[in-house]
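Please read the structure below before turning to the comments.
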Amino acid sequence: PAAGRMVRGKTQMKRIENATSRQVTFSKRRNGLLKKAFELSVLCDAEVALVVFSPRGRLYEFASATRANQKA
Numbered sequence: 001p002a003a004g005r006m007v008r009g010k011t012q013m014k015r016i017e018n019a020t021s022r023q024v025t026f027s028k029r030r031n032g033l034l035k036k037a038f039e040l041s042v043l044c045d046a047e048v049a050l051v052v053f054s055p056r057g058r059l060y061e062f063a064s065a066t067r068a069n070q071k072a
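Heads up: the sequence shown begins at 1 in full-length UniProt numbering, then just goes up one per residue.
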């Protein structure tokens, strides 16, 4: 890293034990993941589908529009 830059350490990947913290983290990361899926579809003209189930079993999804739908 360049001199004077702050370097963020890697986040340790392990289950968050506190249920409230786990739910908050899930919500934030889910929103970020959905945004990234949308950005990928727009920037790269890619068809993207994303399916996420919450710890409580709720479904969250994203699907980019197909080329056929865009022409109609």
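For each residue, glycine too, the CB sits at the ideal point set by N, CA and C.
Being a predicted model, the structure only gives us computed values, none of them experimental.
Contact set for residue i: own chain, Cβ-Cβ below 8 angstroms, skip 5 residues either direction
i   : result
L40 : A46, V48
Classification of residue i by the beta-carbon crowding that lies within 10 angstroms, buried from 16 upward
i   : result
A72 : Residue placement at A72 is flagged as unreliable, the pLDDT there being 46, under the threshold of 50; the coordinate-derived value follows with that caveat. Exposed is the call here.
A65 : exposed
A37 : buried
Nearest residue (CA-CA) to residue i, options the options
i   : options            : result
G32 : V52, N18, C44      : V52
P55 : C44, F26, V42, N18 : F26
Residues of its chain near residue i, where Cβ-Cβ distance is below 6 angstroms and the 5 sequence neighbours each way are ignored
i   : result
F62 : L34, A37, L50
Cross-strand partners of residue i (DSSP beta bridge)
i   : result
V51 : E61
Proximity of residue i and residue j at Cβ, strictly below 7 angstroms
i   : j   : result
Y60 : R29 : no
Residue-level contact to chain B via CB, residue i, 7 angstroms cutoff
i   : result
Q23 : The structure shown contains no chain B; it is built from a single protein chain.
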